[in-house]
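Read through the structure below, which is laid out as structure tokens, and then see the notes.
In my numbering, the protein residues as written are 28 to 173.
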């Protein structure tokens with residue numbers, strides 16, 4: 028049975044984002060039960076070398092949206108970074124899920140038939156970009172920069 032690019036991308040991201048939303052809800056409940064401000068979670072890190080919760084949610088939503096626009100043959104935008112509150116992060120997740128679910132399966136046919144080149148240096152934080160090659164090549168292109 029063939030698996031469509033739509034199923035691989037969209038049908039993977041939606042449950043992941045729903046799970047992330049549930050985890051955020053549990054974190055908010057825990058914070059309330061312990062008597063500390065939920066806003067502290069937004070800038071929290073589990074380890075010093077990890078992104079903040081805000082950055083992790085933003086990157087999860089961006090990865091889903093980036094996959095969607097590439098599947099339908101559009102150029103992705105840079106991820107917005109304005110989410111400063113816990114509620115704004117939840118809203119971002121909900122908007123991303125809504126956008127993904129509105130993507131028709133037939134629109135991803137283009138993405139399944141062409142190669143995609145993702146320039147990483149412009150898309151990742153500089154400390155991460157220094158550790159990776161300037162471009163990751165997937166599909167029909169090889170070796171070049173895109």
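Beta carbons are placed, not taken as given, at the ideal position from N, Cα and C, and that holds for glycine.
Model, not experiment: these values are computed from the prediction.
Applying the criterion that 16 or more other CB atoms from any shown protein chain within 10 Å of the CB defines a buried residue, is residue i buried or exposed?
{"i": "residue 133", "result": "exposed"}
{"i": "residue 72", "result": "exposed"}
{"i": "residue 123", "result": "buried"}
{"i": "residue 92", "result": "buried"}
{"i": "residue 81", "result": "buried"}
{"i": "residue 42", "result": "exposed"}
{"i": "residue 36", "result": "buried"}
{"i": "residue 175", "result": "An answer regarding residue 175 cannot be provided, because it is not within the stretch 28 to 173 covered by the chain."}
{"i": "residue 53", "result": "exposed"}
{"i": "residue 61", "result": "exposed"}
{"i": "residue 119", "result": "buried"}
{"i": "residue 89", "result": "buried"}
{"i": "residue 44", "result": "buried"}
{"i": "residue 57", "result": "exposed"}
{"i": "residue 63", "result": "exposed"}
Is the beta carbon of residue i sitting closer than 8 Å to the one on residue j?
{"i": "residue 95", "j": "residue 127", "result": "yes"}
{"i": "residue 55", "j": "residue 65", "result": "yes"}
{"i": "residue 47", "j": "residue 109", "result": "no"}
{"i": "residue 116", "j": "residue 67", "result": "no"}
{"i": "residue 113", "j": "residue 49", "result": "no"}
{"i": "residue 79", "j": "residue 99", "result": "no"}
Could you tell me which whole beta strand (DSSP E) segments of length 3 or greater appear in the stretch 47-80?
none
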